[in-house]
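Asks: Below is one structure. I have some questions about it.
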Amino acid sequence: MKTIKILSILMLLFAVKVSAQQISTADLQVTGLTCSMCSNATEQSLKTLDFISSIKADLNKNIFVLTFKKDANVNFDLIRKKVQDAGFSVGGLTANFNFNQLKTDDNGQAIVDGNTYRFINAKNKTLNGTVKANVIDKNFISGSAYKKQSTLIASDAYASGTGVVNGKKVRIYHLSIS
Amino acid sequence: MGAITNALSQELYVFTEPASNMPSKSIGVRITNEGIFNNPGFVNRTMPEVMIGFNKNLMVHGQAFLSDMDGKYRLEGGSFYAKYRFLSRDDVQSHFRAAAFGRISTSRRPTYTRDINLEGDNSGVQGGLIFTQLLHKLALSAALGYAHAFENNDRQIVGLPAPKNMLSYSLSSGYLVLPVVYKNYKQPNFNVYLELLGKTDPASGQSYLDLAPALQMVLNSKTRIDLGYRFQATGNMGDRYNKNMYLIRAEFNFFNVIK
Numbered sequence: 251m252k253t254i255k256i257l258s259i260l261m262l263l264f265a266v267k268v269s270a271q272q273i274s275t276a277d278l279q280v281t282g283l284t285c286s287m288c289s290n291a292t293e294q295s296l297k298t299l300d301f302i303s304s305i306k307a308d309l310n311k312n313i314f315v316l317t318f319k320k321d322a323n324v325n326f327d328l329i330r331k332k333v334q335d336a337g338f339s340v341g342g343l344t345a346n347f348n349f350n351q352l353k354t355d356d357n358g359q360a361i362v363d364g365n366t367y368r369f370i371n372a373k374n375k376t377l378n379g380t381v382k383a384n385v386i387d388k389n390f391i392s393g394s395a396y397k398k399q400s401t402l403i404a405s406d407a408y409a410s411g412t413g414v415v416n417g418k419k420v421r422i423y424h425l426s427i428s
Numbered sequence: 006m007g008a009i010t011n012a013l014s015q016e017l018y019v020f021t022e023p024a025s026n027m028p029s030k031s032i033g034v035r036i037t038n039e040g041i042f043n044n045p046g047f048v049n050r051t052m053p054e055v056m057i058g059f060n061k062n063l064m065v066h067g068q069a070f071l072s073d074m075d076g077k078y079r080l081e082g083g084s085f086y087a088k089y090r091f092l093s094r095d096d097v098q099s100h101f102r103a104a105a106f107g108r109i110s111t112s113r114r115p116t117y118t119r120d121i122n123l124e125g126d127n128s129g130v131q132g133g134l135i136f137t138q139l140l141h142k143l144a145l146s147a148a149l150g151y152a153h154a155f156e157n158n159d160r161q162i163v164g165l166p167a168p169k170n171m172l173s174y175s176l177s178s179g180y181l182v183l184p185v186v187y188k189n190y191k192q193p194n195f196n197v198y199l200e201l202l203g204k205t206d207p208a209s210g211q212s213y214l215d216l217a218p219a220l221q222m223v224l225n226s227k228t229r230i231d232l233g234y235r236f237q238a239t240g241n242m243g244d245r246y247n248k249n250m251y252l253i254r255a256e257f258n259f260f261n262v263i264k
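Top to bottom, those sequences are chains A and B.
Every letter in the first sequence is one number past the one before it in the working numbering, and letter 113, counting from 1, is 363.
Every letter in the second sequence is one number past the one before it in the working numbering, and letter 23, counting from 1, is 28.
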């Protein structure tokens with residue numbers, strides 16, 4: 251009986267581990283920076299996010315390599331907010347996702363651990379393993395790049411960054427696999 | 006990410022404020038000393054200052070002024086300054102920002118000159134706009150302000166000017182000299198500045214334009230040391246205090262200290 255219990259717990263753990271679709275790292279391009287003091291302020295602001303385990307800054311390119319805590323719920327909007335709080339903007343965010351047989355629908359949409367993603371270049375596909383993708387929503391890319399994407403994508407979900415999933419309004423992140 | 010050109014430039018102006026704000030939830034502490042070489046001899050003004058970044062768009066400064074301009078070294082007044090950034094266009098290689106500012110100041114000094122100076126010499130209010138453009142390592146900024154001095158009847162000396170309003174304008178440029186390549190946050194940064202500082206008294210038509218070169222060092226990406234000098238390039242406003250003036254300042258920044 252005890253062994254079955256332990257086994258079932260182990261199996262449950264295993265199942266959780268398999269289904270957990272993590273984001274391991276991300277390259278964050280910050281724009282509008284003027285000096286290493288500005289980079290430092292941005293890094294100190296990002297450090298207040300509890301799902302980030304480490305930050306490595308390239309002061310010449312203004313890229314912050316973010317490493318996330320295991321099984322943490324990574325919130326892209328909070329990353330954007332912290333950069334804006336420091337007085338700057340996000341010019342690009344490229345995240346490394348780990349997907350486990352993730353199926354996208356006709357719109358490229360899939361729900362992972364409560365987060366809704368829409369892949370603009372992976373419709374009706376199965377994503378598996380490490381996938382590198384750029385967040386292309388408003389204020390995650392430059393204003394001009396967003397305008398360009400808006401005419402290409404031309405959807406309400408892209409314009410608002412939200413959509414209705416199972417009768418509930420949710421945040422939809424638009425991703426482009428690189 | 007592709008090839009990205011550096012956008013490292015300097016707009017931490019010494020004699021003016023940029024349109025950019027300090028980071029949200031941060032505190033900055035400054036101590037500034039101004040040494041003035043005229044009128045009639047050498048005088049000193051010290052300005053302790055606290056700056057707070059409330060959110061990404063709003064920041065405030067509180068200043069106190071101490072000087073020996075009227076004899077004994079004493080506290081002569083204070084000032085409250087607020088700046089609101091209302092436009093921000095950030096790009097990888099550049100940014101453009103615009104901000105509005107307001108200032109209210111008090112001073113117990115009598116008025117000796119038409120040159121209304123709300124950082125120590127006059128009581129009054131001021132409002133204005135700032136536009137800052139960053140282009141690679143060069144940052145350019147323009148500011149326009151209008152000041153109104155409060156009545157000073159109880160301290161007014163007969164025969165001396167009693168200015169009411171003042172138009173101020175400035176054009177500032179800053180350039181990052183060192184480092185050419187960043188290695189870490191500990192590396193010191195060196196910046197050079199040249200600012201044009203002008204004022205016009207709309208009532209008398211008197212005006213002046215000062216040139217103000219400055220050097221700056223940023224240490225550990227949080228401490229700033231400024232050294233500047235301003236002198237009159239052209240003008241016809243008499244008995245100015247800050248006509249020939251050096252400025253030395255230390256600024257200490259504490260990021261994300263407000264919960």
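A virtual CB, placed ideally from N, CA and C, is assigned to each residue, including glycine.
Which bits of chain B does A:Asp-335 rub up against, with CB to CB less than 8 Å?
Replies: Per Cβ cutoff of 8 Å: Pro-28, Ser-29, Lys-30, Asn-60 and Lys-61.
Asks: On the DSSP letters alone, give me the boundaries of the beta strand (DSSP E) that B:Met-242 sits inside.
Replies: First-last for B:Met-242: undefined, no H or E at that position.
Asks: Can you look up B:Thr-118 in the DSSP assignment and give me helix, strand or coil?
Replies: Coil.
Asks: Please identify the residue among A:Ala-404, A:Ile-403, A:Gln-279 and A:Ser-400 whose C-alpha is closest to the C-alpha of A:Arg-330.
Replies: Taking only the C-alpha atoms, the option nearest A:Arg-330 is A:Gln-279.
Asks: For B:Pro-207, count neighbouring C-beta atoms within 10 Å of its own C-beta (all shown protein chains included) and say buried if the count is 16 or more, exposed if not.
Replies: Classification for B:Pro-207: exposed.
Asks: Chain A partners of B:Asp-95, CB-CB under 7 Å?
Replies: Ordered by position in chain A, the residues that pass the 7 Å Cβ test against B:Asp-95 are Thr-281, Gly-282, Phe-338 and Ser-339.
Asks: My understanding is that B:Ala-87 touches B:Phe-70, with C-beta atoms under 8 Å, so please give their C-beta distance in whole angstroms.
Replies: Contact flag wrong, Cβ pair sits at about 18 Å.
Asks: Helix, strand or coil, according to DSSP, for A:Lys-397 in the structure here?
Replies: Residue state, collapsed to three classes: helix.
Asks: Can the beta-carbon of B:Lys-169 be found closer than 8 Å to that of A:Met-287?
Replies: No. Outside cutoff.
Asks: Between the alpha carbons of B:Thr-116 and B:Lys-77, how many angstroms are there, rounded?
Replies: Spanning the two alpha carbons is a distance of roughly 17 Å.
Asks: Helix, strand or coil for B:Ala-217 per DSSP?
Replies: In this structure, B:Ala-217 counts as strand in the three-state DSSP scheme.
Asks: So, does the CB of B:Lys-88 fall closer than 8 Å to a CB anywhere in chain A?
Replies: Cβ-Cβ to chain A under 8 Å: no for B:Lys-88.
Asks: If distances are taken between C-alpha atoms only, which option among A:Ile-427, A:Arg-368 and A:Tyr-367 comes closest to A:Val-381?
Replies: Closest option to A:Val-381, Cα to Cα, is A:Ile-427.
Asks: DSSP puts A:Phe-413 in a beta bridge; with which residues?
Replies: First, the amino acid is wrong: residue 413 of chain A is Gly here, not Phe. A:Gly-413 pairs with A:Val-420.
Asks: Is B:Ala-4 buried or exposed, if buried means 16 or more other CB atoms sit within 10 Å of its CB?
Replies: Nothing in the structure corresponds to residue 4 of chain B, since chain B is present only between 6 and 264.
Asks: With a cut-off of 8 Å, does the C-beta of B:Lys-227 fall near any C-beta of chain A?
Replies: Yes, B:Lys-227 counts as interfacial toward chain A.
Asks: For A:Phe-369, count the other beta carbons within 10 Å of its own beta carbon; 16 or more makes it buried, fewer makes it exposed. Which is it?
Replies: Looking at its Cβ environment, which holds 16 or more other Cβ atoms inside 10 Å, A:Phe-369 is buried.
Asks: When you compare each of B:Asn-26, B:Ile-41, B:Leu-252 and B:Ile-32 to B:Val-55 by their alpha carbons, which one comes out closest?
Replies: Ranking B:Asn-26, B:Ile-41, B:Leu-252 and B:Ile-32 by Cα distance to B:Val-55 puts B:Ile-32 first.
Asks: Along the beta strand (DSSP E) that carries B:Arg-35, what are the first and last residues, could you check?
Replies: Looking at the DSSP string, the run of the beta strand (DSSP E) that includes B:Arg-35 is 32–41.
Asks: Can you tell me which of the three DSSP states A:Lys-245 falls into?
Replies: Lying before the first or after the last residue shown, residue 245 of chain A is absent from chain A, which here runs from 251 to 428.
Asks: If contact is defined by three or more beta carbon pairs under 8 Å, each pair taking one atom from either stretch, is the stretch 343–350 of chain A in contact with the stretch 37–47 of chain B?
Replies: No: fewer than three Cβ pairs fall under 8 Å.
Asks: Take the Cβ of A:Asp-335 as the centre, count every other Cβ of all protein chains shown within 10 Å, and call the residue buried at 16 or more, exposed below.
Replies: Result: buried.
Asks: Around the Cβ of B:Thr-37, are there at least 16 other Cβ atoms within 10 angstroms (buried) or fewer (exposed)?
Replies: Buried, because 16 or more other Cβ atoms sit within 10 Å of the Cβ of B:Thr-37.
Asks: Taking only the alpha-carbon atoms, compute the straight-line gap between B:Lys-248 and B:Asp-231 and give it to the nearest angstrom.
Replies: The straight-line gap from Cα to Cα measures roughly 19 Å.
Asks: Any contact of the stretch 214–224 of chain B with the stretch 337–344 of chain A, i.e. 3+ C-beta pairs under 8 Å?
Replies: Flag = no, the stretch 214–224 of chain B and the stretch 337–344 of chain A do not touch.
Asks: Rounded to the nearest angstrom, what separates A:Phe-326 and A:Leu-309 at their Cα positions?
Replies: Their Cα atoms are separated by approximately 22 Å.
Asks: Between which two residues does the alpha helix (DSSP H) harbouring A:Met-287 extend?
Replies: Looking at the DSSP string, the run of the alpha helix (DSSP H) that includes A:Met-287 is 286–296.
Asks: Can you check whether the C-beta of A:Gln-294 is within less than 8 Å of a C-beta belonging to chain B?
Replies: For A:Gln-294, the answer is yes, since a Cβ of chain B falls inside 8 Å of its Cβ.
Asks: Interface residues of chain B around A:Gly-290 at Cβ under 9 Å?
Replies: The sequence given here has Asn at residue 290 of chain A, not Gly. Here the neighbours are Tyr-190, Asn-225, Ser-226, Lys-227, Asn-258 and Phe-260.
Asks: Measure from the C-beta of B:Ser-178 to each C-beta in chain A and report whether the shortest distance is under 8 Å.
Replies: It does not: the Cβ of B:Ser-178 has no partner Cβ on chain A nearer than 8 Å.
Asks: Is A:Asp-300 helix, strand or coil when you go by DSSP?
Replies: The answer is coil: DSSP assigns A:Asp-300 none of H, G, I, E or B.
Asks: Against chain A, does B:His-66 count as a neighbour if the rule is that its beta carbon must be under 8 Å from one of theirs?
Replies: No, its Cβ sits nowhere closer than 8 Å to a Cβ of chain A.
Asks: With three or more beta-carbon pairs closer than 8 Å as the criterion, would you say the stretch 93–105 of chain B touches the stretch 128–141 of chain B?
Replies: Segments in contact, yes.
Asks: Does B:His-141 come within less than 8 Å of chain D when only Cβ atoms are used?
Replies: Included in the structure are the protein chains A and B, with no chain D among them.
Asks: For B:Lys-30 versus B:Asn-261, is the C-beta distance shorter than 8 Å?
Replies: Cβ distance < 8 Å, so B:Lys-30 and B:Asn-261 count as in contact.
Asks: Would A:Gly-364 count as contacting chain B if we go by Cβ distances under 8 Å?
Replies: With 8 Å as the cut-off, A:Gly-364 does not count as an interface residue toward chain B.
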